[in-house]
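Student: Structure in structure tokens, see below.
In the UniProt record's numbering, the protein residues as written are 1 to 89.
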């Protein structure tokens, strides 16, 4: 994954229009050789465990709904990843 892909995933998650399958594909993937991306994945796993309150349909797809804590955590991650420089990733 690239930084832009991570930002897109986080943006769609904060807007609650991220399909459930994309979220689970990301948190379930094996990441080697990119500590920043692995850290993000682990943070998203923690959000998955404590910050999801369900799903809703958007254009026929099940998209995740986050509780207040999950939305705050996603916003913090989005802000961080929007401002990362390439040499940190």
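Ideal Cβ placement from N, Cα and C applies to all residues, glycine included. Since we're looking at a predicted model, the values are computed, not measured.
Using only alpha-carbon positions, find the residue among 58, 30, 59 that is nearest to residue 93.
Tutor: A question about residue 93 goes unanswered here, because the residues of the chain that appear run from 1 up to 89.
Student: Quick check: residue 62 and residue 15, are their CB atoms within less than 8 Å of each other?
Tutor: In the chain shown, counting from the first residue as 1, residue 62 sits at position 62. In the chain shown, counting from the first residue as 1, residue 15 sits at position 15. No, the pair does not count as a contact, with Cβ atoms beyond the cut-off.
Student: Which same chain residues, not among the five before or five after residue 52, have their C-beta less than 8 Å away from its C-beta?
Tutor: Sequence index remark: in the chain shown, residue 52 carries index 52 (1-based). Excluding residues within five positions, the ones whose Cβ falls inside 8 Å are 64, 65, 66, 67, 70.
Student: Using the rule of at least 16 other Cβ atoms within 10 Å of the residue's Cβ for burial, across every protein chain shown, is residue 73 buried or exposed?
Tutor: For the purposes of this step, residue 73 is taken as residue 73 along the chain shown, with counting starting at 1. Residue 73 should be labelled buried.
Student: For residue 25, is the classification buried or exposed, using 16 other Cβ atoms within 10 angstroms of its Cβ as the cut-off for buried?
Tutor: As a working mapping, residue 25 is identified with position 25 in the chain shown. Answer is exposed; the Cβ neighbour count stays below 16.
Student: To the nearest angstrom, report how far apart residue 11 and residue 32 are at their CA atoms.
Tutor: Numbered from 1 along the chain shown, position 11 holds the residue referred to as residue 11. Numbered from 1 along the chain shown, position 32 holds the residue referred to as residue 32. Each residue's Cα considered, the two are about 24 Å apart.
Student: Could you give the DSSP three-state label for residue 74: helix, strand or coil?
Tutor: Sequence index remark: in the chain shown, residue 74 carries index 74 (1-based). Note: residue 74 maps to helix in three-state DSSP.
Student: Can you find a heavy atom of the ligand GDP that lies under 7 Å from the Cβ of residue 71?
Tutor: Within the structure as shown, the ligand GDP is missing, as the structure has no ligands at all.
Student: Mapping DSSP to helix, strand and coil, what is residue 39?
Tutor: The sequence position of residue 39 within the chain shown is 39, counting from 1. It is helical.
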